[in-house]
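A quick write-up on the structure given underneath.
Residue numbers (the numbering used here): 24 to 265.
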């Protein structure tokens, strides 16, 4: 890969921002990585990368995860990520990239404008959030923003929030990794990136945890959302220019 150092640096930044913002690094990693490889390859490498990333997060933030939420959100999320992953094979990659860019823009604007927007902590919202986040994760590679909104409704402490989200995400990523492999998205030529991205996930999560102890998570989330918005806009510009 050309510009490997830049790729690693941007992946590290995505991991740090994803950890602190609570949205997951794929929100940044997917559009960033699409500048370096085709979109289907990005989906494949991201799923494998995130299996390791979430194992790292669970190790760092293993205290206080919510078992009920893991089941109510996780089971529908894992079920529908498989559906989304299979559907991704039948849609044009340019359409998927545009859909991802629009999703990033809409989610970031919604959360920036309606800062007090909250879902009610109901079983229906938990299941619905699991279905929607899982479907998006399979189709576009990222559904952490939706899952984050649902988890936020339950007022979890930071460590419990990240641990619960990471355990759910682990099930999502393990499931879609299998489907992406069957779809032919995981290529031998890209496998050398796996140990590199593993180190990136450990370092990024460690730095993110340190930041959480010093910076207001609310302030940092606003910064993260602005960066998500800019990422979405730059992705749209890239698609139009191509």
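By construction, the Cβ of each residue, glycine as well, lies at the ideal position given by its N, Cα and C atoms.
CB of residue i within 8 Å of CB of residue j, strictly
| i | j | result |
| --- | --- | --- |
| residue 194 | residue 159 | no |
| residue 206 | residue 112 | yes |
| residue 209 | residue 101 | no |
| residue 178 | residue 166 | no |
| residue 99 | residue 153 | yes |
| residue 199 | residue 104 | yes |
| residue 218 | residue 176 | no |
| residue 136 | residue 170 | no |
| residue 223 | residue 34 | yes |
| residue 183 | residue 52 | no |
Own chain partners of residue i with C-beta closer than 8 Å, once the 5 adjacent residues on each side are dropped
| i | result |
| --- | --- |
| residue 213 | 60, 64, 67, 68 |
| residue 162 | 107, 108, 110, 111, 114, 119, 122 |
| residue 127 | 50, 54, 251, 252, 254, 255, 258 |
Minimum C-alpha distance to residue i - residue among the options
| i | options | result |
| --- | --- | --- |
| residue 97 | 127, 83, 146, 126 | 146 |
| residue 93 | 109, 189, 48 | 189 |
| residue 84 | 175, 186, 29, 54 | 186 |
| residue 56 | 263, 264, 254 | 254 |
| residue 181 | 78, 76, 233 | 233 |
| residue 30 | 220, 230, 229 | 220 |
Distance, residue j Cα to residue i Cα
| i | j | result |
| --- | --- | --- |
| residue 122 | residue 235 | 31 Å |
| residue 74 | residue 197 | 6 Å |
| residue 86 | residue 32 | 29 Å |
| residue 50 | residue 36 | 12 Å |
| residue 201 | residue 211 | 15 Å |
| residue 80 | residue 261 | 32 Å |
| residue 227 | residue 77 | 12 Å |
| residue 91 | residue 204 | 30 Å |
| residue 246 | residue 229 | 19 Å |
| residue 155 | residue 168 | 11 Å |
| residue 25 | residue 82 | 32 Å |
Own chain residues within Cβ distance below 6 Å of residue i, not counting five before or after
| i | result |
| --- | --- |
| residue 258 | 54, 124 |
| residue 131 | 248, 251, 252 |
| residue 231 | 39, 42, 43 |
| residue 134 | 248 |
| residue 58 | none |
Close Cβ partners of residue i (< 7 Å) along its chain, the five nearest in sequence each way excluded
| i | result |
| --- | --- |
| residue 173 | 96, 142, 148, 149, 152 |
| residue 62 | 116, 119, 120 |
Status (buried if at least 16 other CB within 10 Å, exposed otherwise) for residue i
| i | result |
| --- | --- |
| residue 39 | buried |
| residue 27 | exposed |
| residue 263 | exposed |
| residue 216 | buried |
| residue 129 | exposed |
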